[in-house]
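Trainee: So for the sequence shown, UniProt numbering puts the first residue at 1; every next one is plus one. My structure is below; once you've seen it, I'll send some questions.
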Amino acid sequence: MSDSESSSDLEELIACPGLYKEIQQPKHHPNNKPALENTLKHIENNLPWIERLDIVTPPAPAAKELEVENDPDKIDADDDFKRENYFYRIGQAAVLKAIPQLHALGVPTKRPADFFAEMVKSDEHMGKVKKHLVETQQRLALRERARQMREKRKFGKQTQLAVLQARKAEKRQLSEAIKASRKKSGHNRAELLDSILNQFRDEHEPKPNQKKVEAKQTGFHRAKDVANRRK
Numbered sequence: 001m002s003d004s005e006s007s008s009d010l011e012e013l014i015a016c017p018g019l020y021k022e023i024q025q026p027k028h029h030p031n032n033k034p035a036l037e038n039t040l041k042h043i044e045n046n047l048p049w050i051e052r053l054d055i056v057t058p059p060a061p062a063a064k065e066l067e068v069e070n071d072p073d074k075i076d077a078d079d080d081f082k083r084e085n086y087f088y089r090i091g092q093a094a095v096l097k098a099i100p101q102l103h104a105l106g107v108p109t110k111r112p113a114d115f116f117a118e119m120v121k122s123d124e125h126m127g128k129v130k131k132h133l134v135e136t137q138q139r140l141a142l143r144e145r146a147r148q149m150r151e152k153r154k155f156g157k158q159t160q161l162a163v164l165q166a167r168k169a170e171k172r173q174l175s176e177a178i179k180a181s182r183k184k185s186g187h188n189r190a191e192l193l194d195s196i197l198n199q200f201r202d203e204h205e206p207k208p209n210q211k212k213v214e215a216k217q218t219g220f221h222r223a224k225d226v227a228n229r230r231k
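Structure follows, in structure tokens:
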């Protein structure tokens with residue numbers, strides 16, 4: 001095939017409408033009302049309202065402080081608040097219109113006090129759910145108990161450490177006081193040492209009355225106290 005023949009074939013293809021550009025067809029919007037009404041009558045069922053439960057009503061009046069439109073054509077579809085408020089008021093108006101109609105037909109609209117709905121799930125499934133809930137609760141209780149025990153052990157260690165540090169401080173204080181008394185000379189040295197020991201004993205050793213009160217509160221007595229009582 002020569003170049004001239006190829007060029008002529010390409011020109012014929014380009015010139016053919018519909019191959020390189022969409023052919024725009026005229027749009028028709030027929031409104032055949034008689035045919036639509038005939039089709040509606042064909043598919044329509046003349047059932048009573050209680051079988052249909054359809055309600056056509058305008059939206060309920062909005063609150064005075066809300067500036068909303070009642071005309072759906074004037075409501076901005078992109079405004080979530082106004083759109084959802086319009087739907088809500090339509091549902092509210094439908095309820096206010098349907099409840100009296102149901103009462104007029106003798107249809108109850110509230111559940112009785114002794115009404116129990118049938119469970120969709122089986123008793124076996126609900127038993128598994130209950131078992132899982134109980135196991136979860138027990139597991140959480142054990143975890144909480146373990147946490148409390150860890151806190152108690154931690155607090156006990158802190159208390160024990162504080163007691164040891166206090167004892168070390170007491171010993172250091174007593175040692176420093178004794179060293180200071182040794183530096184002094186004269187006949188008052190022994191009296192000063194006794195005074196330091198008595199002061200340390202009064203500050204750090206529990207009093208006899210305190211021991212009796214603690215023993216009375218706890219109910220525990222030392223073996224020496226019990227032996228003295230028996231004499």
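C-beta: ideal position from N, C-alpha, C; glycine also.
Between the alpha carbons of L140 and N70, how many angstroms are there, rounded?
Mentor: Cα to Cα, the separation comes out at about 54 Å.
Trainee: Residues in its own chain within less than 6 Å of V213 by CB, not counting five upstream and five downstream?
Mentor: Annotation note: pLDDT 49 at V213 (below 50); position unreliable, coordinate value reported separately. Same-chain partners within the cutoff: there are none.
Trainee: Determine the closest residue to E51 out of K130, D80, L102, G91, with distance taken between C-alpha atoms.
Mentor: Cα-wise, what sits closest to E51 is L102.
Trainee: For the region 56–123, which segments carrying the alpha helix (DSSP H) assignment without a break, of at least 4 residues, lie completely within its bounds, in sequence order?
Mentor: 80–104, all fully within the region 56–123.
Trainee: Is the beta carbon of I75 closer than 8 Å to that of Y86?
Mentor: For Y86 and I75, yes; Cβs fall inside 8 Å.
Trainee: Helix, strand or coil: how does DSSP classify P26 here?
Mentor: Coil, per DSSP.
Trainee: Drop a sphere of 10 angstroms on the beta-carbon of P59, count the other beta-carbons inside from all chains shown, and report buried for 16 or more, exposed for fewer.
Mentor: Label assigned to P59: buried.
Trainee: Which of the three DSSP states is assigned to E44 in this structure?
Mentor: Reduced to three states, the DSSP call for E44 is coil.
Trainee: Between the alpha carbons of L164 and H125, how many angstroms are there, rounded?
Mentor: Going by the C-alpha atoms only, they are around 58 Å apart.
Trainee: Once you ignore the five residues that flank L47 on each side, which residues in its own chain have a CB closer than 6 Å to its CB?
Mentor: Nothing listed; no residue qualifies.
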